[in-house]
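Participant: As you go down the protein sequences, you meet chains H and F in turn.
Residues in the first sequence are numbered from 1 upward in steps of one, following my numbering.
Residues in the second sequence are numbered from 1001 upward in steps of one, following my numbering.
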Amino acid sequence: QKEVEQNSGPLSVPEGAIASLNCTYSDRGSQSFFWYRQYSGKSPELIMSIYSNGDKEDGRFTAQLNKASQYVSLLIRDSQPSDSATYLCAVFTKEKLTFGTGTRLTIIP
Amino acid sequence: GAGVSQTPSNKVTEKGKYVELRCDPISGHTALYWYRQSLGQGPEFLIYFQGTGAADDSGLPNDRFFAVRPEGSVSTLKIQRTERGDSAVYLCASGNDRGRGYTFGSGTRLTVV
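Written out as structure tokens, the structure is:
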């Protein structure tokens, strides 16, 4: 079982709709959870962090964490073409960030 | 500096050669990570420094890979006897609070021909 799993996509969402990205992790001792956005040919950019169960909202982005289910998600409301990118889920465990393979998101105008 | 700086941005080398990749973290950041990213994959952990010491080098694929951070700031990733399979983007990230997310540099794209 991979430490961090994501659906690789591609995920296509119409402009203005909600994009939902999901991630599961294997280590119950994981402490912190992050979503990075990566545009093609660029390096990952931190967009959300979450540390406790529940929802955390920042602008159009909402991160959700359920430690019992070992599940993290990212919702993007009012999706824009500029949101088209690969979204990487990262989990902080044993002093390092472990990444999933990323979900490629395309917003269709 | 304002961000994490990595040099060179691109490196093409012949199989068997030695390469050095440099990372200059955000000033004052104590934690520094090296990752490697292949096409279509997420970043893969290589090594983690806290200060000058390598706190975890479990991700280094073999003994051809080595990294240093002698003064607790700039780090160099060294690859001996490069192989075509070493071709990837090498990413450096730094931060101050373990578990609070890290800032990545723009990466070095290494191509071994």
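Using N, Cα and C, we set each Cβ at its ideal position, and we do this for glycine too.
Small disclaimer: the values here were computed from a predicted structure and weren't measured.
Tell whether a beta-carbon distance below 8 Å holds between H:S32 and F:R1036.
Facilitator: Contact annotation: H:S32 and F:R1036 have beta-carbon atoms that are not nearer than 8 Å.
Participant: Assign F:P1070 to one of three DSSP states: helix, strand, or coil.
Facilitator: coil
Participant: Could you name the residues that DSSP lists as bridge partners for H:L21?
Facilitator: In the DSSP output, where bridge partners are listed per residue, H:L21 has H:L74.
Participant: Taking 8 Å as the threshold (beta carbon to beta carbon), is H:G100 in contact with chain F?
Facilitator: Using a CB distance cut-off of 8 Å, H:G100 counts as an interface residue toward chain F.
Participant: Answer yes or no: does any C-beta atom of chain F fall closer than 8 Å to that of H:L105?
Facilitator: Closer than 8 Å: no.
Participant: Taking the DSSP output, what are the residues bridged to H:I47?
Facilitator: Answer is none; H:I47 lacks a bridge partner.
Participant: Can you give me, in chain order, the residues of the stretch 1044-1063 of chain F that have a beta carbon less than 9 Å from any beta carbon in chain H?
Facilitator: E1044, F1045, Y1048, Q1050, A1055, D1056, S1058, G1059
Participant: What is the DSSP secondary structure of H:R104, counted as helix, strand or coil?
Facilitator: Strand.
Participant: Could you compute how far the alpha carbon of F:E1014 sits from the alpha carbon of F:K1078?
Facilitator: Cα-Cα distance, rounded: 15 Å.
Participant: Please report how far the alpha carbon of F:Q1050 lies from the alpha carbon of F:D1086, in whole angstroms.
Facilitator: Each residue's alpha carbon lies about 25 Å from the other.
Participant: The beta strand (DSSP E) that contains F:I1079, what's its start and end?
Facilitator: 1075-1079
Participant: Under 7 Å between beta-carbons, which chain F residues line up against H:E95? List them in chain order, please.
Facilitator: Y1048, A1055, D1056, R1098
Participant: In the structure shown, what three-state DSSP assignment does F:G1003 receive?
Facilitator: Reduced to three states, the DSSP call for F:G1003 is coil.
Participant: When the Cα of H:D83 is compared with those of H:L21, H:Q6, H:Y25, which residue comes out closest?
Facilitator: If we check each option's Cα against that of H:D83, H:L21 comes out closest.
Participant: What does F:P1106 reach in chain H if we use C-beta pairs closer than 9 Å?
Facilitator: The question names Pro, but residue 1106 of chain F is Ser in the sequence shown. Under the 9 Å cutoff, chain H gives K42, S43.
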